[in-house]
Structure formats: C-alpha cells, structure tokens
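The listed protein sequences derive, respectively, from chains A and B. Just so we're aligned: 49 in UniProt numbering is position 49 of the first sequence, and the numbers increase by one with no gaps anywhere. Just so we're aligned: 58 in UniProt numbering is position 58 of the second sequence, and the numbers increase by one with no gaps anywhere.
2 protein chains.
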Amino acid sequence: MESSTVTGGGSSRRAATRQKLYEAAVTLIAEQGFSATTVDEIAERAGVAKGTVYYNFASKSVLFEELLRHGVGLLTASLREAAEKTAKDGGRTVDALDSMIRAGLVFIERYPAFTQLYVAELWRTNRAWQSTLMVVRQEAVAVVEGVLREGVERGELSDELDVPLTAAALVGMVLVAALDWQSFQPERSLDDVHSALSRLLQGRVSGRR
Amino acid sequence: MESSTVTGGGSSRRAATRQKLYEAAVTLIAEQGFSATTVDEIAERAGVAKGTVYYNFASKSVLFEELLRHGVGLLTASLREAAEKTAKDGGRTVDALDSMIRAGLVFIERYPAFTQLYVAELWRTNRAWQSTLMVVRQEAVAVVEGVLREGVERGELSDELDVPLTAAALVGMVLVAALDWQSFQPERSLDDVHSALSRLLQGRVSGRR
DNA sequence: GCTTTTGCACTGACCAGTCAGTTCAAAACG
DNA sequence: CGTTTTGAACTGACTGGTCAGTGCAAAAGC
C-alpha cells in the first residue's frame, strides 16, 4: 500500500531506482524531518545499497530538492487543470475555487507524506533548498492568485479582495484541514471534507439555513 | 532585537538562564529543525556553557518539549481571553471568531519562530514528543471548537457546520496567511492582514459591493 | 555461434568528521 | 555556605560521502 509516491513512472532501470528512492525518502523525511533521516535509512527502505543513492543523486540535499520540485509540479498541474476545466465549462469563479479545493484534497489524500514534508519545510529560513522552495511555492500559489484575480476583473469577487493574502489563506485552509483530516479523522470521506470546506468558502457558515 | 521569545519572565537566576536557553533554542530550531540544531549552538547563542544546558534540562528533547508546552500555553491563554472578552461584551459568535483571529495574528507576529517550529512539527509521526504535541494541539483547537459549538447552539451558526473540521480550517487559514505575511510581505500591518482575513471569514468575498 | 569487450548500474566496507551527553574541579553568585 | 554556572576534555555512537570492485546485458570482434 504505497500511499505516498509522488513521482511518475519511468522505463529504464535507473529511472525505476530513482523512483524507489523518492518513495523511500518522502515517507522517511515526512516522519522524521530531513536532518534526522539518514541516507542509510533511505537506501535500506528503497532496497538498494547506499552507494546507489550517490550514484543517482549528487547528495542527500539534491535528492530532496528534486523530490520537492517534482511533487509541487504535480500539485501545480492538478490545480491548473481544475481551474481551466471549470473555466471552459463557463463556471463561475467560486466554482473554479471549489474545484481547486477538491483538487487540493485529492492531492493530499494521495500524497500525504509529501504534503507533510512540504509544510514542514516551507517557512524555514537559511536552508540549502530555500530558493527551490520559493520557486515551487510561487508556482502553486500563482494558480490560485490567477483565478482570484480573474474573478475580481469579471466582477464576481469584491474588488477590495486582497489577492495574495486571500490565496495564502485559502491554501492554508485546505492544507491544515486536510492534514488534520488525515491525521485525526482518517475515516471520513473526501466528499465529506470537501463539502465542509466548500460551505466555509461560500460564507454559508453564519446564519441558520 | 529578540523577536521570538516565547517564555514569560522569571525571578531566580536559574529561571533567567532557562529563559535565555528557550530564546536561543526557539530561533535555531525554527530555522534549522530540531535534529539539525546542536546543543553547542544553543548554548553559544544563549551565551552560556554547554554544561549549563544539561544542568537545567535533562536532555535536548526535554528542553524542546518544555519549550513546546510553554509556547502553546501562551497561545491558548491568549485565544481563550479573546473569546471570553467578546462573549462578556455580548458580541456575536462571528465577533468572537474575529477577535480570536486577531489574537492569533498578534501571537504569530510576536513569536514567529515558535509558530514556524510548531507548524513544522505538528503533523510528524513517530517522534519522541508526539504525545506532548497532541495534547497541546488539542488544548488550542478546543478553544476554537468551543466557540463554534456555542455559535451553533445559539443558532448563530448553521447547525450543519462541521465543528472540528471548520476549527482546523480556520486555524489553518490564519496560520498560513500569517506565516506568508511574515515571510513574504513583512511590511504590511497587522490590521491590514486582519481585515483581509475578517472579510474572508464573513463571506464578503463573492459579489461586488 | 562464440568469445571478448565495454560501460552502465550497483555494491558495501570504509573514513573522517560530528554530535549528544558526561564528568568534574574550580569559580561565581547571592 | 549552598546553589548555580563554567569550561574544557572526553567518549562512543552515528553519518555523509567515497571508492575500488562486482554483475551483467548488449555490442564488437572473429
């Protein structure tokens, strides 16, 4: 039951090995953090020798950085697809946001370990992969910001809306709700979680119905 | 410019030393993570000898655990105070939530390093201080859940509202928005950020004004 | 066909350095 | 005086990274 892979397939022998290393690294680092995870552990979990890790990646940090880039790439693609699909169907901005929330939840359900690891590293400072992290973060958040901005232009969202901040808040809402869901109420269904967040987004919280 | 202390005052000599150690540890661990931070570093930053660390704390982990407990204690107290004050003034549930959002922002502005560190550790599994973390998390979230539950009882919030999930989502909204504020737009004022989040909470996002 | 060569992917023992934690006599403090 | 701190030396376990060597499938040679 590999629930935390984050890389696509590959055909050559080498690609398969890298894939195994990604899978091993992502779960271990999510649980223990980067520094507490040893290269020996990663190798052992992946079922390869330690030397193989260094044959495939220049260093422990590089392995981690590539993992990061790949994972966020998947998320960004998924968000963008959700947004574009809704736009093509002539949906309102709120529907696009809702659709992106779902895409976010699907991603987190599929790659919980990656999500953990990402959250744990995102706001750290003075780390080797700081710049990588900034870049990939901006890619992902930009998708949300884009949808918000278009909503404002089309008059569907208030023009007083603070785009960057609201984007961050929305991402945070989904992220934390989903991580809590996974950690503390894993038995609940994605639809269940999605509808609760959807309600919150659409301001249907206050006032009895 | 100590922006990240998280402990209250103390009177004895020993308490002062512990305070210095907390301050040093919180910033270092926030930046580098627990494992990457060495006891020598903490001692040096605090301006004490390494032996002093072990005179005051049984181990590196214990130092960290006490730091965690203390920090979340401050947050919980602050949230509770905000909620109770609003309740006493006869405010609506939304006002109490709004007041708690502000309290959260104030806390994060004052103790950014602690917040970083907390977020980075919260969803980790299999760590020594796992249980400590669960307990303090529950204390803090419970305050938000309490306010939500009372709002539902009083009919001010929809009775279809998913209390635990919404609480997590709200916490996440504030947390991520605030960390982004601190990391990427530190020049903005707290009021500014607060009003943006306030608008989001009250569902005044969609629809032109 | 068959041997020989090539070179990619992998191996795992090994090394030099690091770190948590210990020890303790002496100094500083209050 | 009793408590707290100092500071430096020490230990033993662990870690990132290295490197000489192995295995093997496909190409080259004959």
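Just so you know, even glycine gets a beta-carbon here, dropped at the ideal spot from N, CA and C.
By the neighbour-count definition (other C-beta atoms within 10 Å, threshold 16), A:THR38 is an exposed residue. Fully enclosed alpha helix (DSSP H) runs of no fewer than 4 residues occupy 163-184 of the segment 150-191 of chain A, in order along the chain. Not one beta carbon of chain B lies nearer than 8 Å to the beta carbon of A:LEU21. Under the criterion of beta carbons closer than 8 Å, B:PHE114 and B:VAL26 qualify as touching, at roughly 5 Å. Note on A:LYS20: 16 or more other CB atoms within 10 angstroms of its CB, so buried under the neighbour-count rule. Cβ-Cβ distances below 7 Å link B:ALA167 to VAL141, VAL144, GLU145, LEU148 in the same chain, with the five nearest sequence neighbours on each side left out; the list follows chain order. By the Cβ-count criterion, A:PRO186 is exposed, with fewer than 16 other Cβ atoms from all chains shown falling within 10 Å of its own Cβ.
Residue burial is scored here from C-beta neighbours: B:MET134 has fewer than 16 other C-beta atoms within 10 angstroms and is therefore classed as exposed. For the 8 Å CB-CB criterion, B:GLU31 and A:ASN126 form a contact. A Cβ-Cβ separation of about 38 Å leaves B:ALA196 out of contact with A:LEU63 under the 8 Å criterion. Cβ atoms of A:VAL176 and B:ALA169 come within 8 Å of each other, at about 7 Å. Rounded to the nearest whole angstrom, the C-alpha separation of B:GLU65 and B:GLU139 is 15 Å. Taking the Cβ atoms as the reference, B:ARG69 lies roughly 6 Å from B:THR132, within the contact range of under 8 Å. Flagged as an interface residue toward chain B: A:ALA36, by a C-beta distance shorter than 8 Å. Ranked by Cα distance from A:LEU117, the options B:TRP123, B:GLN116, B:PRO112 are led by B:TRP123. Shown here is that no member of the segment 70-90 of chain B has a Cβ falling below 9 Å from a Cβ of chain A.
Contact check for A:SER12 against A:ASP98 fails: the beta carbons are separated by 8 Å or more. For A:ASP98, no chain B residue has a Cβ inside 7 Å of its Cβ, as the nearest lies near 11 Å away. Here A:SER61 is near A:ALA128, since their CB atoms are less than 8 Å apart.
Between the C-alpha atoms of B:ASP192 and A:PHE184 there is a straight-line separation of about 33 Å. Interface flag for A:GLN116 against chain B is set, since a Cβ pair is found closer than 8 Å.
In the three-state scheme derived from DSSP, where H, G and I count as helix and E and B as strand, B:THR86 is classed as helix. Assignment of A:TYR111 by DSSP, reduced to helix, strand and coil, places it in the coil class. Annotated as proximal: B:GLY151 and B:THR93, with beta-carbon spacing under 8 Å.
The contact set of A:VAL171 on chain B, defined by CB atoms closer than 7 Å, consists of VAL176 in chain order.
Our two residues, B:VAL163 and A:ARG14, have alpha carbons roughly 48 Å apart in a direct line. B:VAL26 does not reach chain A, its nearest Cβ partner there being about 13 Å away, counting only Cβ pairs nearer than 7 Å. The Cβ of B:ALA140 sits no closer than 8 Å to any Cβ of chain A.
For A:ASN56, the uninterrupted alpha helix (DSSP H) run begins and ends at 50-56, by DSSP.
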